[in-house]
Amino acid sequence: MSGGRKATIFLEQAGYRQRRLRDALRVWPVFGCILLVVPLLWSLDPSGQPGNAAALTYVFGVWVILIAVTVLMAWALRGDDPSNPKP
Amino acid sequence: MGKRVLLIEDEPNILEAISFILSRDGWTVHTHEDGETAMKKVIGFPPDMIILDVMLPGRSGFDILRDLRENQITKDIPVMMLTARGQEKDRELAMRLGANHFMTKPFSNADVRDHVRSLIDA
Amino acid sequence: MLGINTVIAFSLCYVAFLFFVAFWAERRAKRGNATWLHSPLIYTLSLSIYCTAWTFYGAVGYAARSGLEFVTIYLGPTLMMIGWWWILRKLVRIGRAQRITSIADLVSSRFGKSTSLGVIVTVISVVAATPYIALQLQSVTLSFAVFAQSGGQLWQDADLNATATWVAVGLFVFTVIFGTRNLDANERHHGIVIAIAVEAVVKLIALLAVGVFVVWGIAGGPAEMMQRIDNSQIVLWDQDGGRWISLIFLSGAALLCLPRMFQVLVVENADERHLAIASWAFPTYLFLMSLFVVPIAVVGLDLLPVGSNPDLFVLTVPLQEGKQGLAMLSFLGGFSSATSMVMVATIALATMVSNHIVVPVWLSLRPSQQAVISGDIRHVILLARRLSIAGVLFLGLVYYRLSGGGTALAAIGLVSFSGAVQILPAMLGGVFWRGATRLGAATGLLIGLTVWLWTLFLPSFGDAALIGQTVLDQGPFGMAWARPQALFGIVGLDPLVHGLLWSMLLNTAGFIIVSLVTFPTPLERLQGAQFVNVFEHSAAAPAWTTAAAGAEDLLIMAQRIMGSEQAQAIFEREAVRQGKKGFLPEVTPSFVELLERDLAGSVGAATAHAMVGQLIGGSGVSVEDLIAVADEAAQILEYSSRLEAKSAEQEQTARALREANDKLTALSIQKDAFLSQISHELRTPMTSIRSFSDILRDGEIGLAEQKRYSGIIHDEAIRLTGLLDDLLDLSVLENGQVMLHVKTGNLGQLLERAIGAAGGLGDAFEIRSAPDLGDMRVTTDLDRLVQVFINLIANARKYCDAQTPCLRISCADHGDSYLIDFIDNGSGIAPENQQLIFEKFSRVADGSKAGGAGLGLAICREIMRRLGGDIAYLNGQYGTAFRVTLPKEKPADC
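Chains W, H and S, in that order, give the protein sequences. To get my numbering, take the position in the first sequence, counting from 1, and add 1331. To get my numbering, take the position in the second sequence, counting from 1, and add 2. To get my numbering, take the position in the third sequence, counting from 1, and add 156.
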């Protein structure tokens, strides 16, 4: 029994970072949503309508960031066991 | 007048042999050959000791022993069991049922004589 | 100039190439060396069927009309993939664990394998996908028309219709060949997957090539391009917030709900880990597909004459600039987009239609015995698939003809999407909420379907096409609240947002409310538990957190399964054994083992092991989950008559085992009894011998007594010898080691020999034998036969209790054998003893008179059996009667 307990503590430490990463992964789309909704606020001021190029750059820029960060997180979680359940 | 020994045994030759041995030792030997009526005989004429064969026609020696131990009159009479079956569990059963001694056939005459003496004197 | 014929030739070559690739992949897969087919790259590329002709052509048109709104269609899936692919992972795991074949199968399976739900989801999917398939046919047809036009021909409607029909037929052939080749248990189609992967590459390269040409070839570089975009007539950012958010949600949800996406995401998935790669690779693909959409639109509007169809800019801009090769590549890209989508969509839909509609109907029309012949069913299913593919394509074609091919592509796509996402509440609810019930799901789906049909689908045929303008304006039968685009009087919303909002709202509300008030069937609950807790129930890896189960948890679980009294008794006993106070013992391995065994008696070994294992091993499953499963298991046990039958069967087996054990015990008791019998029979004469020889040795007795006792010793010694002989004889006979000396003799002489040996007639004993014995010849072991006769005669002599004993022996010829009866005039043997007398040591009469050990008849029977005959007690003869059955010639095998 004592052996099992030791193993648990070891796993706790090893898995802690991974669990936080998985948390981040879950929150990430929410963050992305917020970023993508931001342009809607522009329309509130009729005089401040952004130019086409600016709008295009913003949307595609956000898109690139979303993908890039996901690549990093997926890389960090590459050893993660897919069958591991709840955080 | 020697004390009375009741010998319950269905094999006539063995009956004769034991009777001879005990009579020569000074005991008064009564014999009985049937399991069914053995109890009646004992109660009607309580002996000082009983030698009881296990395999009897009618009722087995164990049944008779059980009855003897449950009966007020006979419960203290010393009983020596005899058997030719030679199984350990028979010995255990006999001792559990309250036999005072258990003897396996064939036996030495001296053994029979000595055990009868010690059981009656005790 | 590229003529239409050249284009047709090109596309045929391309299709032939795809055929080749698909065949090759199937061959590789069959040979088993197809690991690369299961790579994350192929998986990601196969997901690209999300980008159909609607993307390839439509996105540019969309951007030309509505600015940046088109990106929502790709942002939704991006958001879905980058962080929420754990939803997908759960779906994939469920798909694997439950062998799910389609989204309809998922929903139906989750809600207790309900047929009706399968039908509903199938209908929704088919109705929603039909316009989309029509859209693909239309775009391919239009792209052909573009080339025809540039070649100088102006296509009429008839040409377009004919082209659409031919495209549909071609797609049908391709899909049938690669989509219904086999009935794989996993429903994977390697040929199709590799073909769409190739097409994914072609369409990406084509669109990028056009984009690069536009930016660098026409505009002159990124900076100049941005300049142009800024000055364009398109207003990129003029968004209705509700629409923007709705569309992101809609496209994200559609990624999960579109039948074709479910097919490639879940059904064709070979490895869960591919999802992790796809989580960024697929968004990257979408990003690249969208990157040049705005530049192409802007340049197209600048270059092409006013009124040109912006949906075809990808094709017409290169043509306008005289880039024939690029135009051809672009055409192939669009062709790829359309065909890959149609192939996968028709496979997915055909699977659903055949599995949930055609086959159930077929089975119900059949007598049940016939239906279970598997070969028969396989054939029917394949045929049903093929017919369903034809049916789905035909529907698409019909829609294309009906809608006139005139509506803007984007509008059709969105209507189709919002139909598909009606499945979302039931699907996600089913996967994440155990309380979801079949009735709830059905209610939600039906409400969603109805509202969607009314508010989005029917109006999509164009103004006044299916729904009159008056209905649109005033509602059906003047019911203003039911106006398709202003339900409940909400006016002013964008029609799409309006339809999506109401359908999803009412759908979800119906689903939740009905789920809350109804009660699920046991099977539903079990499936629900397995779906919601799929990670706990399916193959588990070492867990992060060890939920070391306390004794109390185990007790709770055990109580659920075997009842509280019994469970508490077990726990208390163990606590006492461990010397602990109270009734909760330490959870030691031996106790767990014991508990598991006890549980196995109630739920079966495997289940018990899994349950205890999960609780003890702490694979992260909560105790509540286990209890829930136990509840379900208990209920299923309670309700399922099949299980009852099974437990009855088990009881029978147990009873049979008990009986076998009793028999064994009885046998060993018998053996015991036999041994003590032998002991008794041998020791009794020995006792007399020993005792009397003791007496003789002691001396001191008279001569008469000496003589008498010597006589007793002599008799007992003979008795002992006879007994030993009999025992040996019997043992030899029983073990079959006896040597038989077969000779031929006369039955009469043999009987006489036996009578003589048995002591002759003597005294008052009379033996009568039947007269005509003279010529009864017999071939057997004559000495053994005489032994039997002697035994029978001696028995009669010993036991016959008549005043004047008389034994009658009679022989009869009975074909192959003789029947020899020995009948005396004694009192006979009581019926209950007639079998017993042949057993060893059985003595019915008083043993002292017999002087034997009771082995005689047992030996007789053994001998007669060795000789191929038998001996039996004969009833109804006014005396003791034995019948010997003797073959005239001893059979060889005895």
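Heads up, the beta-carbon is just placed ideally off N, CA and C, and yes, glycines get one too.
- Taken through DSSP and simplified to helix, strand or coil, Ser966 of chain S comes out as strand.
- The beta carbon of Gly1025 of chain S sits closer than 7 Å to those of Ser973, Val1040, Thr1041, Leu1042, Pro1043, all from its chain and outside the five residues before and after it, given in chain order.
- Annotation: Lys1046 of chain S is outside any alpha helix (DSSP H) and is labelled neither H nor E by DSSP.
- Only Ser844, Arg846, Ser847, Phe848, Asp850, Ile851, Ile868, Glu872 from the stretch 844-878 of chain S bring a Cβ to less than 7 Å from some Cβ of chain H.
- DSSP places Leu201 of chain S in the uninterrupted alpha helix (DSSP H) bounded by 196-203.
- When only Cα atoms are considered, Leu485 of chain S and Leu460 of chain S end up about 20 Å apart.
- Between Leu447 of chain S and Gly232 of chain S the beta-carbon gap is near 17 Å, outside 8 Å, which marks them as no contact.
- In this structure, the alpha-carbon of Ala215 of chain S lies about 22 Å from that of Gly481 of chain S.
- Thr271 of chain S counts as exposed, since fewer than 16 other beta carbons sit within 10 angstroms of its beta carbon.
- Looking at the backbone, the Cα of His870 of chain S and that of Thr85 of chain H are separated by about 22 Å.
- Within the stretch 224-244 of chain S, the residues whose Cβ lies closer than 9 Å to any Cβ of chain W are, in chain order, Leu224, Val227, Thr228, Tyr230, Leu231, Thr234, Leu235, Met236, Met237, Ile238, Gly239, Trp240, Trp241, Trp242.
- Collapsing the DSSP output to three states places Gly901 of chain S in a strand.
- Just measuring C-alpha positions, the residue of S:Ala598, S:Leu612, S:Ile726, S:Ala592 sitting nearest Pro676 of chain S is S:Ala592.
- In the structure shown, the three-state DSSP call for Leu740 of chain S is coil.
- About 13 Å separates the Cβ atoms of Ser295 of chain S and Tyr218 of chain S, ruling out a contact at the 8 Å cut-off.
- As computed with DSSP, Met105 of chain H is found in a beta bridge with H:Leu84.
- Boundaries for Met895 of chain S: no alpha helix (DSSP H) harbours it, and the DSSP string shows neither H nor E there.
- With a minimum length of 4 residues, the unbroken runs of alpha helix (DSSP H) contained wholly in the stretch 44-75 of chain H fall at 63-72.
- Cβ neighbours of Asp939 of chain S within its own chain (closer than 8 Å, five residues either side excluded): His897.
- At least one CB of chain W lies nearer than 9 Å to the CB of Leu447 of chain S.
- Taking all protein chains in view, the Cβ of Phe47 of chain H is surrounded by fewer than 16 other Cβ atoms within 10 Å, so the residue is classified as exposed.
- The alpha-carbon separation between Phe1038 of chain S and Met842 of chain S amounts to approximately 33 Å.
- Under the three-state reduction of DSSP output, Tyr974 of chain S falls in the strand class.
- Between the stretch 197-204 of chain S and the stretch 427-438 of chain S, the count of C-beta pairs closer than 8 Å reaches three or more; the two stretches touch.
- DSSP places Ile985 of chain S outside both helix and strand once states are collapsed to three, so it counts as coil.
- Between the stretch 247-256 of chain S and the stretch 416-432 of chain S there are three or more inter-stretch CB-CB distances shorter than 8 Å, so the stretches are counted as touching.
- In the displayed model, Arg639 of chain S falls within a strand according to three-state DSSP.
- Contact annotation for Phe109 of chain H against chain S: Thr843, Arg846, Ser847 [CB-CB distance below 9 Å, chain order].
- Annotated as proximal: Ala501 of chain S and Arg416 of chain S, with beta-carbon spacing under 9 Å.
- By the C-beta density criterion, His430 of chain S is buried, having at least 16 other C-beta atoms within 10 angstroms.
- Taking one beta carbon from each stretch, the stretch 467-478 of chain S and the stretch 269-288 of chain S have fewer than 3 pairs nearer than 8 Å; the two do not touch.
- Neighbours of Ile1396 of chain W in chain S, taken as residues at a C-beta separation under 7 Å, are lacking, since the least C-beta distance is about 11 Å.
- Apart from sequence neighbours up to five positions away, the residues of its chain that approach Val227 of chain S with a beta-carbon distance below 7 Å are Ser446, ordered along the chain.
- When the five nearest sequence neighbours on each side are left out, the beta carbons in the same chain lying within less than 7 Å of the beta carbon of Leu1352 of chain W are those of Met1404, Ala1407, Leu1408, in order along the chain.
- Beta-bridge pairing by DSSP links Tyr1029 of chain S to S:Phe1038.
- The beta carbon of Thr935 of chain S does not come within 9 Å of any beta carbon belonging to chain H, so the residue lies off that interface.
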